[in-house]
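Residues in the sequence shown are numbered consecutively from 47, following the numbering used here.
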Amino acid sequence: MFKNKQILTYCLLVLFTVFAGCKSKFEKLQESSNTGKKYQEALRLYNKGDYNKALILFDGLMQRYRGMAEAEDLSYYFAYTNYKLKDYATARYQFKQFADSYPNSLKAEESRFISAYCYYLESPNFTLDQENTTRAIEAMQLFLNLYPKSERVAEASTLIANLRDKLEKKSFSNARLFYDIGGTGADAQNYRSAVIAFKNSLRDFPDSKYAEEMEYLMVRAQYLYSKNSLETKQEDRYTEAIGYANDFEEDYPNSAWLKDVQSIKTDSEKNIVAVKKLLASILVPQQNKDKQDTTQKN
């Protein structure tokens, strides 16, 4: 029994030794100190499209070639390998590092552009946080400033326009959300928030494709805010709504929303008259009563 266990243990050790010695050529190359051979194999794998293995070799070579003539091409391929693997965060950093380290390289312009483009690819749906969108615009603008005569100027300008459209849509969507939530009583403050948000959006994007709709919704939001306010505050708030209505009539005389805006303006004017009468009916009797009380005391 004991002898059988010894035989089994021996066989397992033999098998382990055999399998341990059966390393693949790639694994052996990884452990090799032949950097030249590693570099050539990394390039071969890259050109073949085997980016995962190429990345392993390039990564291991980065330290070895630091400060050497080969470092420039190696850094370029290392950045592109990450890009091919869609690791855009690493790729954009590596391309920027390349452009900063080798500003006179023939590949510097391309690297600066691809670094910015990685931000573009990471720009999310407009409903999400737009930090990468803003960074992409900044990076693309830097590229245009550095290479105003580049063949990529038109493409970079188009990408910036696409990114700005996304920020514009985000801004409009956020403002519209306040309007859609709306509410009465204390919640009517959402309408005021909508007015402020629409104003800010129009300031940030004066040529916005949503400008007409935002000005229209400003009129409606201010009107609804006025309507749900205390009577003592309605006159000033309706007056503000009328001001927005006047601006809309002037800016968009042929708008499909013009009739609704004019109706809101008319209703606001009527409500101002009505609230003045209401407040007068409350205040005048109260003032007379106060006078009587004062007279009686005297």
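All residues carry an ideal CB built from backbone N, CA and C; glycine is no exception. None of these values were measured; they are calculated from a predicted model.
Between Ile-183 and Leu-223, the C-beta gap is not smaller than 8 Å, which leaves the two residues out of contact. By the Cβ-count criterion, Met-108 is exposed, with fewer than 16 other Cβ atoms from all chains shown falling within 10 Å of its own Cβ. Here the region 272-292 does not lie against the region 244-251, with fewer than 3 beta-carbon pairs under 8 Å apart. Between the alpha carbons of Tyr-262 and Lys-255 lies a distance of about 13 Å.
Within the same chain, Glu-155 come within 7 Å of Ser-196 by CB-CB distance, once the 5 residues on both sides are set aside. In this structure, the CA atom of Ile-102 is about 18 Å from the CA atom of Arg-138. Taking C-beta atoms as the reference points, Ala-100 and Ala-117 fail to come closer than 8 Å. Membership of Asp-119 in the alpha helix (DSSP H) is indicated by the continuous run 117-130. In the same chain as Tyr-148, and ignoring 5 residues on each side of it, the C-beta atoms closer than 7 Å to its own belong to Glu-118, Ala-154, in chain order. With respect to Lys-212, Ser-169 sits close: the two C-beta atoms are nearer than 8 Å. The C-alpha of Ser-121 lies about 31 Å from the C-alpha of Asp-175.
Straight-line measurement puts the Cα of Ile-227 at about 43 Å from the Cα of Leu-131. In the DSSP annotation of this structure, Leu-276 is not part of any alpha helix (DSSP H), being labelled neither H nor E. In the pairwise beta carbon analysis, the region 214-222 is classified as not touching the region 192-206: fewer than three pairs are separated by under 8 Å. In this structure, the beta-carbon distance from Tyr-290 to Ser-272 does not fall below 8 Å. Spanning the alpha carbons of Lys-316 and Ile-206 requires a straight line of approximately 47 Å.
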